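Right, one structure below, let's go through it.
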Amino acid sequence: METLDNVPSNYKICSILGQCFNNLSSVYLSKHKVTNQLIAVKKFNLDRMTDEDLKSLHHEIVCMRHLRHPNIICYISSFLDATDLHLVSPLMGFGSCKDLINAHFNFGLPELVICHILQDVLNGLEYIHGKGFIHRAVKASHILISHNGKACLSGLRYMCPFSPTKKKVHLFPPSTAYNLNWLSPEVLEQNLDGYDERSDIYSVGISCCELANGTVPFAETPTTLMLIEKLAGATPHLLDCTTYYVDTGQDDGEENACSYISEQQTQVLTSRK
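One gets this note's numbering by counting positions in the sequence shown from 1 and adding 977 to each.
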């Protein structure tokens, strides 16, 4: 998408779409008056942000401007209005995968849809890794879907570079509390071995379970116990009759397993009320 101007009066706020950036920013459906383009505008009140927040915001803008790929959310423009910074990006008509799950697919997205989404996500990650970065925050809320079904990665503020010659990274991601469920064991372990771009593939696996099950793995697990389980090699699974086969010694194992899945899905819906 072509770059737009940074004149505040040329943008019309139409409606609010939601929150982002750990609820520090509001996202608005907006219209560029000159071109009649519909875009998304993130509004940040700079006076209410900490130095660490501002550093993360600056890092995200730099990454958005530097990375150009069809499956990565891109930068269009930005402008200041008093103490508010407005960041303009393409309008993603279907919102995030998390929005889709919460609004329409409480038990998970259809398998074919997940395949198309993951293909786009992996294409975006391949580009990011090729540019020498680790994403470190692949999850449903950071996978945005356009009006034509294309998936784009967002959450670029969590990215960090790695050296082509010395690929191991030891930096712990900022605002980790929001991403613990998706982080790989080697990132959480924080030892001298460090981690590399392969940690993103673990996050893709967790996101795959999130998209298919309609709920986040380890969602009901206390943080300390989740860390212990991850380091011990606990692996989330899809909530299907194959994974949860219940062996009763009779021929009704699959029926019991499906009943179990139904109970799990009911618990998911109940927990959201």
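All C-beta atoms in this analysis are idealised placements derived from N, C-alpha and C, irrespective of residue type, glycine included.
Since the structure is predicted, the reported quantities are computational estimates derived from the model, not experimental observations.
- Annotation: the segment 1142-1229 contains the following complete segments of the alpha helix (DSSP H) (minimum length 4 residues), in chain order: 1162-1166, 1176-1190, 1200-1208.
- In this structure Asn983 is not in contact with Ser1073, their Cβ atoms being roughly 26 Å apart against a cut-off of 8 Å.
- Burial of Phe998 is indicated by the presence of at least 16 other C-beta atoms within 10 angstroms of its C-beta.
- Between Asn1048 and Asp1097, the C-beta spacing is below 8 Å.
- About 5 Å separates the Cβ atoms of Met1069 and Ser1123, confirming a contact at the 8 Å cut-off.
- In the DSSP assignment, Val1004 forms a beta bridge with Gly995, Lys1019.
- By the Cβ test, the segment 1055-1066 is not in contact with the segment 1097-1108, since fewer than three Cβ pairs between them sit closer than 8 Å.
- With 16 or more other CB atoms across the displayed protein chains lying within 10 angstroms of its CB, Cys1186 is buried.
- Just measuring C-alpha positions, the residue of Ser1131, Ser992, Asn987, Ser1118 sitting nearest Val1011 is Asn987.
- With a cutoff of 8 Å on beta-carbon distance, Val1090 and Ser1184 are scored as not near each other.
- Excluding five sequence positions before and after Phe1021, the CB atoms of its chain that fall closer than 6 Å to its own CB belong to Ser1002, Leu1062, given in chain order.
- Rounded to whole angstroms, the gap between the alpha carbons of Pro1194 and Ser1140 is 31 Å.
- Under the three-state reduction of DSSP output, Ser1123 falls in the coil class, being neither helix nor strand.
- Apart from sequence neighbours up to five positions away, the residues of its chain that approach Leu1006 with a beta-carbon distance below 6 Å are Cys991, Ser992, Leu994, ordered along the chain.
- Beta bridge pairing from DSSP links Phe1082 with no other residue.
- With a contact defined as Cβ atoms closer than 8 Å, Gly1126 and His1093 qualify at about 7 Å.
- CA-to-CA, the gap between His1112 and Glu1174 works out to about 8 Å.
- When Cβ pairs closer than 8 Å are counted between the two stretches, the segment 1195-1204 is seen not to touch the segment 1128-1147, the count staying below three.
- In the DSSP annotation of this structure, Leu1133 is not part of any beta strand (DSSP E), being labelled neither H nor E.
- Look at Cys1092 here: in three-state DSSP terms it is helix.
- Under the three-state reduction of DSSP output, Ser1055 falls in the strand class.
- One Cα belongs to Thr1027, the other to Pro1162, and the distance between them is close to 29 Å.
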